[in-house]
Amino acid sequence: MPHKAYDCNEETFTCSENVKWEDQLDLAIGKQWVAMDACRKYIRMYAIKNKFEILFQKNCADKLILRCKGERCPWRCYVIRKNDGHTTEVKSLQEEHTCENDGRNKNRGANARWIATMLAQDMRLHHNSYTPQDIIAIAWSRWTLNISY
């Protein structure tokens, strides 16, 4: 049975603005999002949280084809935009991972834009001016990510 495609006004984490690191993120055939952008952000966070890197083999307005960057890893995900013009849905998913975490705790998906998005609310609330060292420390303590300048 497909997961419901939620509206941003409902309590959900499928909207890109509401995805939180603390949420239990799952990926399954039939999972839906309100827009392709929300899907991309969700899957990026899912990969970062589950400590694997994804490669967008096809990344266009009506479909996503993703695979794990691990050598010979069979993980694959195929997402399409439905006929309504905005809802996206996972059509096929190979969940098995044969790759191993290299122990470096780095992920190219956790780029400067992703980190800035994750810290934006803190910066608004606390009016802090974070130094690069502060951001590196926060990335490690919150997300177990080693980042460089």
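Position one of the sequence shown corresponds to residue 1 (the UniProt record's numbering), numbered consecutively onward.
Built from N, CA and C at the ideal position, the CB exists for glycine as well.
Proximity of the segment 52–65 to the segment 77–90 meets the contact definition, three or more beta-carbon pairs being nearer than 8 angstroms.
Where residue 133 is concerned, the enclosing alpha helix (DSSP H) starts and stops at 132–143. Out of 37, 91, 55, the CA that lies nearest to the CA of residue 27 is found in 91. Residue state for residue 114 is assigned as helix, using DSSP reduced to three classes. Within its own chain, the residues whose Cβ lies closer than 7 angstroms to the Cβ of residue 139, once the five positions on either side in sequence are excluded, are 115, 145, 147, listed in chain order.
Per the C-alpha coordinates, the member of 97, 106, 68, 129 positioned closest to residue 57 is 68.
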